[in-house]
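Undergrad: Sequence positions in the sequence shown follow our numbering and run 1113 to 1499.
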Amino acid sequence: MFDALIRHIRKQYKTDDFIPLHSPTFTETDRRYVLDAIDSTFVSSVGQYVDRFERDLAAYTGAAQAVATVNGTAALQAALSVVGVKNGDEVITQPLTFVATANAVSHLCAHPVFVDVDQDTMGLSPGALEQWLAANAQLQHDPDGTIRAYNVNTNRRIAAILPMHTFGHPCRIKHIVDIAGKWDLPVVEDAAEALGSFAGSTHCGLFGDLGIVSFNGNKTITCGGGGAILSKDANLASRAKHLTTTAKVPHPWEFDHDAIGYNFRMPNLNAALACAQLERLPDILREKRQTAQQYKAFFAQTPWANFVEEPTGTWSNYWLCAIALKDPALRNDLLEHTNQAGVMTRPVWKLMPELDIYQDCQCGPIQNAVWLRERVVNLPSGVRSGE
Ligand SMILES: *Cc1c(COP(=O)(O)O)cnc(C)c1O
């Protein structure tokens, strides 16, 4: 029953060898830039490639400023800190995500709260968010007089909303930002998977106060390990830059630091690779979207699963192509059959409240996340060019 799919994938990837879910590809330019960084001796925390990558990434995404970081998780932690998330606060995020989203909240000693996703976007549901806030949140005066959202059950301050753009498909981010505005809550977008994805004509990560992307080895482009904070607000971005670079006050020789900052800066060696990969991003996206089109055509003829398409009004990078099985009972059969045949497929993540580490967190009704968890499988989605 799954043999036709395996044949389709082998035909696309033109190989009888093992086909990974998503592996990086490199070109001569990648090698040249990395060697140039080594030859310059600037491999670490300062160097021209970091500055260039931040400029190039801002230009590509349309951000006022981009801040390169050691990885996406660190970017997320710093971004949450910049918008004011503190020890004991709550941050609303989604149960269907990679664990790093919730971990970034926990690293700040804040509490993640899990609110359901939409079935079609797989990202945070504005409807569920609105309902959860109406049922659990109240605006109260802070000791300093500002009005803020509090959770009436826990008496904790709700400090931010953290939606994630699942597999590169933009969530209903405009609607989420509107709801956040009514409650005066900042929005940090986990766009780790969404480099090259747009909702309307705006790049993911630029709707909220701050957004982050990742350049881990399995992402759309990679620099080994890396991330970036994006913002349309130059002031917030420069605060992120300051905090991720030890909060050093600029001075020709003095070491003065005006906050307990992080050493989250992307090394120049990685930034060299990031610059080279970013140059190839349009080609990579073209190829990924072609792969998606071919899966879409295949599943149009296939009775047992639906291909997950980019939501209406969005342009997805199709980081990981996904299908939703019509019968969840087929899931393990499909996973076993394909992986046995050397074609790598993976189920979606365990939901955050299903992990022991997050089982005690507050969690709204999450039937859509459960529905997706039982049915969604990712298919090989990497590019072939450039090897
Ligand atoms: C990859 C990823 C991250 C973390 O990025 P790293 O660079 O690996 O730290 C965060 N959130 C999501 C949803 C991711 O997929």
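Positions of the beta carbon are idealized from the N, C-alpha and C atoms, including for glycine.
These numbers come from a predicted model, not from an experiment.
Using CA coordinates, which residue listed in Phe-1226, Gly-1257, Ile-1341 is at the minimum distance from Trp-1244?
TA: Locating residue 1244 in the sequence shown gives position 132, where the first residue counts as 1. Trp-1244 has its Cα closest to that of Phe-1226, out of Phe-1226, Gly-1257, Ile-1341.
Undergrad: Sort out for me which residues DSSP pairs Asp-1302 with in a bridge.
TA: For the purposes of this step, residue 1302 is taken as residue 190 along the sequence shown, with counting starting at 1. In DSSP, Asp-1302 forms a bridge with Met-1276, Ile-1324.
Undergrad: Using a 10 Å radius around the Cβ and a threshold of 16 neighbouring Cβ atoms, would you call Ile-1372 buried or exposed?
TA: To locate residue 1372, count along the sequence shown from 1; it is residue 260. With fewer than 16 Cβ atoms within 10 Å of its Cβ, Ile-1372 is classed as exposed.
Undergrad: Give the residues whose C-beta lies closer than 7 angstroms to at least one heavy atom of ligand 1, in chain order.
TA: Checking every Cβ against the heavy atoms of ligand 1 under 7 angstroms gives Asn-1183, Gly-1184, Thr-1185, Ala-1186, Leu-1188, Thr-1209, Phe-1210, Ala-1212, Thr-1213, Met-1276, Asp-1302, Ala-1304, Glu-1305, Ser-1326, Phe-1327, Asn-1328, Lys-1331, Gly-1337, Gly-1338, Gly-1339.
Undergrad: One question on the structure: do Ala-1271 and Gly-1329 come within less than 7 angstroms of each other, judged by their Cβ atoms?
TA: As a first step, residue 1271 is located in the sequence shown; it is residue number 159 there, counting from the start. As a first step, residue 1329 is located in the sequence shown; it is residue number 217 there, counting from the start. Against a cut-off of 7 angstroms, the Cβ pair of Gly-1329 and Ala-1271 comes out as no contact.
Undergrad: Restricting to Cα atoms, I'd like to know which of Glu-1422, Ala-1384, Pro-1477 is closest to Val-1155.
TA: Mapped onto the sequence shown, residue 1155 falls at position 43. Among Glu-1422, Ala-1384, Pro-1477, the Cα nearest to that of Val-1155 is on Ala-1384.
Undergrad: Measuring alpha carbon to alpha carbon, tell me which residue in Arg-1269, Leu-1188, Asp-1142 is nearest Lys-1198.
TA: By one-based count along the sequence shown, residue 1198 stands at place 86. Closest by alpha carbon: Arg-1269.
Undergrad: For Asp-1230, which residues from the same chain have a beta carbon less than 6 angstroms from its beta carbon, with the 5 sequence-adjacent residues on both sides left out?
TA: Walking along the sequence shown from the start, residue 1230 turns up at place 118. Only Ser-1237 meet the Cβ criterion.
Undergrad: Going by the DSSP bridge assignment, what does Pro-1238 pair with across the sheet?
TA: Locating residue 1238 in the sequence shown gives position 126, counting from the first residue. According to DSSP, Pro-1238 bridges with nothing at all.
Undergrad: Report the option in Lys-1286, Ala-1149, Gly-1200, His-1219 whose CA atom is closest to the CA atom of Gly-1425.
TA: As a working note, residue 1425 is residue 313 in the sequence shown. For the residues Lys-1286, Ala-1149, Gly-1200, His-1219, the minimum Cα distance to Gly-1425 belongs to Lys-1286.
Undergrad: Relative to the C-alpha of Gly-1323, which residue among Ala-1170, His-1120, Lys-1126 is closest?
TA: For this step, residue 1323 is matched to residue 211 along the sequence shown. Taking only the C-alpha atoms, the option nearest Gly-1323 is Ala-1170.
Undergrad: Is DSSP giving Lys-1353 helix, strand or coil here?
TA: Within the sequence shown, numbered from 1, the residue matching residue 1353 stands at position 241. Looking at Lys-1353 - three-state DSSP - the assignment turns out to be helix.
Undergrad: Would you please state the rounded distance, in angstroms, between the beta carbons of Leu-1437 and Trp-1416? I believe it to be under 8 angstroms.
TA: Within the sequence shown, residue 1437 is the residue found at index 325, counting from 1. Within the sequence shown, residue 1416 is the residue found at index 304, counting from 1. Yes, they are in contact, since the Cβ atoms of Leu-1437 and Trp-1416 sit about 7 angstroms apart, within 8 angstroms.
Undergrad: Could you tell me the distance, in whole angstroms, from the CA atom of Gly-1468 to the CA atom of Pro-1364?
TA: Looking up residue 1468 in the sequence shown gives position 356. Looking up residue 1364 in the sequence shown gives position 252. Note that residue 1468 corresponds to Asp in the displayed sequence, not to Gly. When rounded, the distance between both Cα atoms is 49 angstroms.
Undergrad: How many Å lie between Ala-1412 and Arg-1167 at the Cα?
TA: Here residue 1412 is taken as the residue at index 300 of the sequence shown, counted from 1. Here residue 1167 is taken as the residue at index 55 of the sequence shown, counted from 1. Each residue's Cα considered, the two are about 41 angstroms apart.
Undergrad: Just curious, the beta strand (DSSP E) that Leu-1491 is in, first and last residue?
TA: Taking the sequence shown and counting its residues from 1, the one referred to as residue 1491 is at position 379. 1488-1491 is the extent of the beta strand (DSSP E) around Leu-1491.
Undergrad: Mind checking who Trp-1427 pairs with in its DSSP beta bridge?
TA: Within the sequence shown, numbered from 1, the residue matching residue 1427 stands at position 315. In the DSSP output, where bridge partners are listed per residue, Trp-1427 has Phe-1310.
Undergrad: Expressed to the nearest angstrom, what Euclidean distance is found between the alpha-carbon atoms of Ala-1180 and Ala-1481?
TA: Position 68 of the sequence shown holds residue 1180. Position 369 of the sequence shown holds residue 1481. Rounded to the nearest angstrom, the two C-alpha atoms are 31 angstroms apart.
Undergrad: Going along the chain, which residues of its own chain have a beta-carbon closer than 6 angstroms to the beta-carbon of His-1120, five neighbours each way excluded?
TA: For the purposes of this step, residue 1120 is taken as residue 8 along the sequence shown, with counting starting at 1. Closer than 6 angstroms at Cβ, skipping near neighbours: Phe-1410.
Undergrad: Can you say whether Asn-1451 is buried or exposed, counting buried as having 16 or more other CB atoms within 10 angstroms of its CB?
TA: Numbered from its first residue, the sequence shown carries residue 1451 at position 339. With fewer than 16 other Cβ atoms within 10 Å, it is exposed.
Undergrad: Which residues in the same chain as Asn-1248 place their Cβ atom closer than 7 angstroms to its Cβ, once the five residues preceding and following it in sequence are excluded?
TA: Locating residue 1248 in the sequence shown gives position 136, counting from the first residue. Excluding residues within five positions, the ones whose Cβ falls inside 7 angstroms are Asn-1263, Val-1264, Asn-1265.
Undergrad: For the alpha helix (DSSP H) containing Ser-1218, name the first residue and the last one.
TA: Walking along the sequence shown from the start, residue 1218 turns up at place 106. Per DSSP, Ser-1218 belongs to the alpha helix (DSSP H) from 1211-1219.
Undergrad: Within 10 angstroms of its Cβ, does Glu-1422 collect 16 or more other Cβ (buried), or is it exposed?
TA: As a first step, residue 1422 is located in the sequence shown; it is residue number 310 there, counting from the start. Under this definition Glu-1422 is a buried residue.
Undergrad: Taking only three categories from DSSP, how would you classify Thr-1173?
TA: Locating residue 1173 in the sequence shown gives position 61, counting from the first residue. Thr-1173 falls in the helix class under three-state DSSP.
Undergrad: To which residues of the same chain is Thr-1278 closer than 6 angstroms at the C-beta, ignoring the five residues directly before and after it?
TA: Here residue 1278 corresponds to residue number 166 of the sequence shown, with the count starting at 1. Contacts found: Met-1234, Gly-1235.
Undergrad: Going by the CB atoms, is the gap between Phe-1376 and Ala-1178 shorter than 7 angstroms?
TA: The residue you call residue 1178 lines up with position 66 of the sequence shown. The residue you call residue 1376 lines up with position 264 of the sequence shown. No; because the gap between Cβ atoms is not below 7 angstroms, this pair is not in contact.
Undergrad: Which value, in whole angstroms, describes the spacing of the CA atoms of Arg-1392 and Asp-1163?
TA: In the sequence shown, the residue the question calls residue 1392 occupies position 280. In the sequence shown, the residue the question calls residue 1163 occupies position 51. When rounded, the distance between both Cα atoms is 18 angstroms.
Undergrad: Can you tell me where the beta strand (DSSP E) with Phe-1226 in it begins and where it stops?
TA: Locating residue 1226 in the sequence shown gives position 114, where the first residue counts as 1. First-last of the beta strand (DSSP E) with Phe-1226: 1223-1226.
Undergrad: Taking 6 angstroms as the cut-off, is the C-beta of Ser-1326 nearer than that to any heavy atom in ligand 2?
TA: Looking at this structure, you won't find ligand 2 anywhere; what it does contain is ligand 1.
Undergrad: Since Lys-1500 and Glu-1305 are thought to touch, with beta carbons under 8 angstroms apart, how far apart are those beta carbons, to the nearest angstrom?
TA: The shown model of the chain, from 1113 to 1499, leaves out residue 1500, and the question about it has no answer.
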